[in-house]
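This note's numbering puts the first residue of the sequence shown at 2, with every later residue one more than the last.
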Amino acid sequence: MPQFLPEWAPAGETPTDLWMERSNLIGLIIGGVAYGILFTIFIQCILVLRSNNGGRRNQWLMVYSGAVFLLATFGIAANTKFVQMCYIDYRNYPGGPNMFTVDFYSTFVNMFGTAAYVVMNWLVDGLMLYRFAIIYDRKPLFILFPGLMYLGILGLSITLLCFMTMPAHGFWDPTTVRIGTAYWSVSVSMNVVITLAIVGRLLKMRRTIQKLLGPKHSSPYTSTLAMIVESAALYTSWALVFIITYARADIFQNIVLPSLGQVQGIAPLLIIFRVAQGKAWTSSTNATASMYGVSPNPKSVNSNPISDITVPNNNSRVTQSLPLTDVSPGSTMQFDIKVGKSTLNSANLEKV
């Protein structure tokens, strides 16, 4: 079996050059894995949405899911093509693949993929802003600040694309880096603000439910998984790693960047999947939350939450109370109540 000899390494390339090429390969592989996850979740979303009778809402969700999947496909395909050009088609370019990447980063195929990811980011951040508005009952005072941040994201992303398409600037030009750092920083900041706000709201909801219905009671809206999915914490964490490495010109950014677009597409599809399953927070959930005293609007708090069902007896003033402390999420309680000579039976208790 032949031995691995140092002279077989590419001539004229330093260890830093080789590490940069390895990081590009690793990043592309991780991006492919992330795309496979996104594809699987997309198929599940479509199947569940088609099986439910959600009407026009489900149609819009399928259109949104299809747009995210299409943009993710464009992004990974363009990225793969550009890597092929760097390492196969034009391998002997003076300076090697790394110099080819720098000199031809503004080529059409690469810009097409970058633009696809930027447009996807508009959709993702837009959905997060919408989910934030839903969870906080569409209160303008709460929506104002993240709404202004979203407008900043749109402006900075368009400016970034303009600078990246200029051969004189490219992706690593100091001016482009400052614009890109500002763009991703605002995007990450908006997601961090929304993430913390959503998690705080859900934690408050869970504490109130457990206080009223017992420590063993849980809700599909307030589980740890729900908080991670609803707040898109996955994308926020991944984007935060990228922005730090990108601002510091760390080669590790090449590992994170190819999968960043795929991760930002996975986050909204997970939310849509929960919506299709009926587990995501909706406007009706807000009504239930207000009934239990969890509302961003103090005026809507009910200081006397329902803890039992009271049924009056038509023949007397005696009432019969049924405690709800042992009701689990999604369960149905069957009982019979005597009202005079009649029987009231099979009452259903909907999940909180």
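Even glycine gets a Cβ: it sits at the ideal position worked out from N, Cα and C.
Quantities reported herein were computed from a predicted structural model and do not represent experimental measurements.
What is the DSSP secondary structure of residue i, reduced to helix, strand or coil?
i	result
isoleucine 273	helix
arginine 179	helix
glycine 56	coil
arginine 139	coil
leucine 261	helix
phenylalanine 164	helix
isoleucine 252	coil
aspartate 174	coil
arginine 202	helix
asparagine 25	helix
asparagine 93	coil
serine 66	helix
alanine 240	helix
phenylalanine 105	coil
leucine 157	helix
glutamate 14	coil
glycine 279	coil
glutamine 85	helix
leucine 197	helix
alanine 73	helix
proline 3	coil
alanine 169	coil
How many whole angstroms separate the CB atoms of residue i and residue j, which I take to be in contact at a CB cut-off of 8 angstroms?
i	j	result
serine 188	isoleucine 31	Contact doesn't hold; Cβ gap of about 20 angstroms is too wide.
glycine 33	isoleucine 77	7 angstroms
proline 11	leucine 128	Not confirmed; about 44 angstroms, so no contact.
valine 84	tryptophan 173	Not confirmed; about 17 angstroms, so no contact.
histidine 170	threonine 177	5 angstroms
alanine 198	phenylalanine 133	6 angstroms
valine 193	methionine 121	Their Cβ separation, rounded to whole angstroms, is 19 angstroms, which puts valine 193 and methionine 121 out of contact at 8 angstroms.
alanine 277	valine 64	The pair is not a contact, with the Cβ atoms about 14 angstroms apart (cut-off 8 angstroms).
threonine 196	alanine 240	Threonine 196 to alanine 240, Cβ: 11 angstroms. No contact.
methionine 191	isoleucine 144	No, methionine 191 and isoleucine 144 are not in contact; Cβ-Cβ is about 12 angstroms, not under 8 angstroms.
What's the call for residue i, buried or exposed, on a 16-neighbour Cβ count within 10 Å?
i	result
serine 52	exposed
cysteine 163	exposed
threonine 237	buried
threonine 15	exposed
phenylalanine 146	exposed
methionine 2	exposed
methionine 100	exposed
tyrosine 106	buried
isoleucine 44	exposed
tryptophan 9	exposed
valine 264	buried
tyrosine 91	exposed
asparagine 59	buried
glycine 266	buried
Between the Cα of residue i and the Cα atoms of the options, which residue gives the shortest distance?
i	options	result
tryptophan 123	Asn54, Phe113, Gly156 and Val200	Gly156
isoleucine 272	Thr81, Ile154 and Cys46	Cys46
tryptophan 20	Lys82, Ile256, Gln265 and Leu145	Ile256
glycine 28	Gln278, Phe253 and Phe274	Phe253
threonine 74	Gly153, Ile38 and Val49	Ile38
threonine 166	Gln60, Phe109, Ser24 and Pro95	Phe109
tyrosine 137	Arg275, Leu203 and Val264	Leu203
proline 95	Ile154, Leu71, Gly13 and Ser158	Gly13
serine 24	Leu214, Ile245 and Pro98	Pro98
methionine 150	Ile244, Trp185 and Ala116	Trp185
threonine 182	Arg57, Ala79, Gly153 and Ala248	Ala248
lysine 82	Val276, Thr196 and Leu26	Leu26
asparagine 80	Phe40, Ile244 and Tyr118	Tyr118
arginine 275	Gln4, Thr17 and Ile42	Ile42
serine 66	Gly56, Leu142 and Phe40	Phe40
serine 158	Arg208, Arg139 and Asp126	Asp126
asparagine 111	Pro168, Ile245 and Thr246	Pro168
Less than 8 angstroms between CB atoms is the rule here; does residue i satisfy it with respect to chain B?
i	result
glutamine 211	Absent here is chain B; the protein component of the structure consists of one chain.
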